[in-house]
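Below is one structure; the comments refer to it alone.
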Amino acid sequence: MSPEDLVAIESIRQLKARYFQLMDQKRWDEWAQVFCVDCTIDSTQDGAPLLHGRQAFRDFLPPILEGVKTVHHGHTPVIELTGPDTAKATWSMEDMLWFPPGGERQHLWGVGFYFEKYRKDSDGEWRILELKLRRIRVEVDGVEVFGPDTPPRPED
Amino acid sequence: MSPEDLVAIESIRQLKARYFQLMDQKRWDEWAQVFCVDCTIDSTQDGAPLLHGRQAFRDFLPPILEGVKTVHHGHTPVIELTGPDTAKATWSMEDMLWFPPGGERQHLWGVGFYFEKYRKDSDGEWRILELKLRRIRVEVDGVEVFGPDTPPRPED
Amino acid sequence: MSPEDLVAIESIRQLKARYFQLMDQKRWDEWAQVFCVDCTIDSTQDGAPLLHGRQAFRDFLPPILEGVKTVHHGHTPVIELTGPDTAKATWSMEDMLWFPPGGERQHLWGVGFYFEKYRKDSDGEWRILELKLRRIRVEVDGVEVFGPDTPPRPED
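If you read the sequences in order, they're chains A, B and C.
In this text, residue positions in the first sequence follow this note's numbering: the first is 1, and each later residue adds one.
In this text, residue positions in the second sequence follow this note's numbering: the first is 1, and each later residue adds one.
In this text, residue positions in the third sequence follow this note's numbering: the first is 1, and each later residue adds one.
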């Protein structure tokens, strides 16, 4: 790891930090900018379709979270530079959602990992190229609804 | 972001880390040193008065937390240098308080953001110049007591 | 703090991040590599024996966590370089364990601090030389089972 590598690592750490904070603040247009235009989004374990492209994710997520209060916390990223313009990382995560009153579920809580790849685009900005969310446990209203016997690994 | 910028960013990250840990360890004199002498503390959303100056906060907080066990966790800071000696950041946060037995409330739990400004003082140390705490949700004994319909943003 | 110091700090931050993630992924052989061969492990507050040496911890922990789902989150490390090849840090932490069905306890949740020392070994890799876990609070199945009146400090 060189001092120059640290600039890339810090840029990626703050990139993902913006992902978390802008989502919870519902600043969707700014949030979308953390993704490469040709990104892949794999939250399929949560029942979402595999999404291709920033615009597809921009179109998909905000309506789902309309009226939902969200908190997304990310922890202890292990960030590895894989080339001058490419990197990958694993983030530990926890999220909490509170749904609008009157629905069939009130609260979702989950923990797991983001397994991700990044690319430094031609404008010099690092962005998320691949996002893959894999869960250790998800609870809805205090009841476990997902929890595999073996913990998720990057290749899953 | 230059390699030199990283020193400032890391200094600010560890500054806020000391804020969290020294508070929970109740090392109040060391804790007070993370603030500029002329800081502003805005936890008004939690019912506290707007405080001006390090000494005012040093006088205000420790008595309130006497006998209270606290845990403060900070996450994914987005830190931006705004000048050679100035910076701002948003931190995601979660806190937990356990009050002394026999009171009317046992436990407080909250999530939200710290919106902050920093200054590098003439002694070369970065300190917190403005602290503003804005909540997404607060629960007392498991019941929501605060939760705005729209999430907090830095300008709030 | 110099730009060169940042490489050591980032290396230690990612070292501990691997500790957390590899444990929760149960990648035990890779996990063991984050420790110095002559490390000391003090989780005595949790009832574990004081362990000397990487192999002793490698032998001790995995059988205990067989069939247990774990989540370990680390926060806001205050990392201090104490020499060219030595460092210390305090990490805030939270962990959650879910035990196999049918046992006498289902869930453990805890918060506290890791007080640690690190050494850069002769192969140039930073590793954990001393790990000391001290708790603020531990709950089993929602009931407090540990919670000292005074918060833990590094010297405890």
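Cβ coordinates follow ideal geometry from the N, Cα and C atoms, glycine included.
Query: Within a Cβ cutoff of 8 Å, which residues of the same chain sit near R105 of chain C, ignoring the five residues on either side of it in sequence?; Result: F99, V140 and D141
Query: Do the region 123 to 142 of chain C and the region 68 to 75 of chain B meet, that is, are 3 or more Cβ pairs less than 8 Å apart?; Result: yes
Query: List the residues of chain B that V111 of chain A touches, going by C-beta distances under 9 Å, in chain order.; Result: In chain order: nothing, as chain B lies at least about 13 Å away.
Query: With 16 as the cutoff for other CB atoms within 10 Å, does E4 of chain B come out buried or exposed?; Result: exposed
Query: Can you list, in chain order, the residues of the region 77 to 106 of chain B whose Cβ is nearer than 8 Å to any Cβ on chain A?; Result: P77, V78, I79, T90, S92 and E94
Query: Our contact map puts L6 of chain B next to V7 of chain A with C-beta atoms below 8 Å; I'd like the distance itself, whole angstroms only.; Result: 7 Å
Query: Helix, strand or coil for P77 of chain A per DSSP?; Result: strand
Query: Can you find the residues in the same chain that come closer than 6 Å, C-beta to C-beta, to W109 of chain B, ignoring five residues on each side of it along the sequence?; Result: M96 and E139
Query: For the region 21 to 41 of chain B and the region 113 to 132 of chain B, state whether three or more C-beta atom pairs, one from each stretch, are separated by less than 8 Å.; Result: yes
Query: Whose C-beta lies closer than 6 Å to the C-beta of D42 of chain A among residues of the same chain, with five residues either side of it excluded?; Result: L50 and K132
Query: From D123 of chain C to W31 of chain C, what does the alpha carbon distance come to, in whole angstroms?; Result: 17 Å
Query: Strictly by DSSP, which residues pair up with L131 of chain C?; Result: C:I41 and C:E116
Query: Using the rule of at least 16 other Cβ atoms within 10 Å of the residue's Cβ for burial, across every protein chain shown, is P151 of chain B buried or exposed?; Result: buried
Query: What residues of chain B sit near P63 of chain C, judged by a beta carbon separation below 9 Å?; Result: Ordered by position in chain B, no residue passes the 9 Å Cβ test against P63 of chain C, which lies about 30 Å from the chain.
Query: Along the region 27 to 44 of chain A, where does the CB come closer than 8 Å to a CB of chain B? Name the residues.; Result: R27
Query: Flag H72 of chain C as yes if its beta-carbon sits less than 9 Å from any beta-carbon of chain B, otherwise no.; Result: no
Query: Would you say V143 of chain A reaches chain B, if we count a Cβ-Cβ gap shorter than 9 Å as a contact?; Result: no
Query: Please decide whether F20 of chain A counts as near chain D, where near means a Cβ-Cβ distance under 9 Å.; Result: Structure shown: chain D not included; protein chains present are A, B and C.
Query: Using DSSP bridges, identify the partner residues of L108 of chain B.; Result: B:L97 and B:V140
Query: According to DSSP, K88 of chain B sits in a beta bridge with which residue or residues?; Result: B:E80 and B:K117
Query: Figure out for me which residue from B:A48, B:K26 and B:T76 has the closest Cα to the Cα of L15 of chain A.; Result: B:T76
Query: Could you have a look at V71 of chain C and say whether DSSP puts it in helix, strand or coil?; Result: strand
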